[in-house]
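Residues 200 to 261, numbered by this note's numbering, are exactly what the sequence shown covers, in order. Here a beta-carbon is modelled for each residue, glycine too, at the ideal position from N, C-alpha and C.
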Amino acid sequence: PHIVVTTGGNQVVNVDQRVNGGQWRSIGTFSLAGGDYNAVAVSRWTSGTGLVIADAIRLTRV
Numbered sequence: 200p201h202i203v204v205t206t207g208g209n210q211v212v213n214v215d216q217r218v219n220g221g222q223w224r225s226i227g228t229f230s231l232a233g234g235d236y237n238a239v240a241v242s243r244w245t246s247g248t249g250l251v252i253a254d255a256i257r258l259t260r261v
């Protein structure tokens, strides 16, 4: 699972990256206030099978 931490709270987003692998996958749109603590994390705590691997994150201003 991906965990997005903002001043509004934490949101957990599950994405099966075995589907459409090799492409950017959106995990959502979030308000990230400047000067505040914001984070995007990948957790290994999952009930699914397979490996949890992350190699990049892309942030896009909208």
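- Checking the DSSP bridge columns, you'll see Val212 partnered with His201.
- Looking only at Trp223, Arg243 and Val212, the smallest Cα-Cα distance to Leu258 is reached by Trp223.
- Put simply, the backbone Cα of Leu250 is about 16 Å away from that of Gly221.
- Check the Cα spacing between Thr228 and each of Val211, Asp254 and Arg243: the tightest is with Val211.
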